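In our numbering, the protein residues as written are 50 to 238. For each residue, glycine too, the CB sits at the ideal point set by N, CA and C. Everything numeric in this text was worked out from a predicted model, so none of it was measured. Worksheet: one structure, shown below.
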């Protein structure tokens, strides 16, 4: 079993924004299995899906991005899982749109949701999948940029990226993180 936690902000206002790229991936995984998020566990909406690669528990924290650690810690307790059984998926403004990065551990890189998770779980040994949402002119305060929706042209790139991210999740389940890194870290749509 792999606990895939997509980071984002709850509510219609944020649904299609760059900051909700993590939610978008877990939604894609749920849709592919005709599953629906329902029950709340650990401050999150969750669903369980069966893929050829194995069982996934998909979670969308309802605590807002900056407090994601509260939800992730609760999910780990609820499911009796270790941090190594997690895959945290989130947006990364420092990566160009269309790029993906799988890592087994590391710092937050300034991403507030991941910062909260590292603080609340007490380790940097947390596997993650970062979805690039950065643009050419992104600098300074990123709040408005991250909370804005993807324009139509970028949605086409995002769809290809989400498909590749699904493949990365399946690869992690079947062949491990290193193989997934080889598959996506240098890939471009």
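In the displayed model, residue 140 falls within a strand according to three-state DSSP. For residue 65, same chain residues with a beta-carbon under 8 Å away, outside a window of 5 residues either side, are 198, 199 in chain order.
When secondary structure is reduced to three states using DSSP, residue 100 falls in the strand class. When the Cα atoms are used, residue 56 and residue 70 turn out to be separated by approximately 7 Å.
Going by DSSP, residue 166 is part of the alpha helix (DSSP H) stretching over 161 to 170. By the neighbour-count criterion, in which 16 or more other beta carbons inside 10 Å mark a residue as buried, residue 129 falls on the exposed side.
Residue 207 carries a helical assignment under DSSP once its states are collapsed to helix, strand and coil. Secondary structure at residue 55: strand, using DSSP grouped into helix, strand and coil. About 16 Å separates the CB atoms of residue 182 and residue 212; that is not less than 8 Å, and the two are not in contact. The C-alpha of residue 145 lies about 31 Å from the C-alpha of residue 101.
In the DSSP annotation of this structure, residue 183 is not part of any alpha helix (DSSP H); the continuous beta strand (DSSP E) holding it starts and ends at 177 to 183.
Taking residue 167 as the centre and dropping the five residues before and after it, the same chain places the C-beta of 157, 173 closer than 6 Å to its C-beta, in chain order. Per the DSSP secondary-structure output, residue 150 pairs in a beta bridge with 179.
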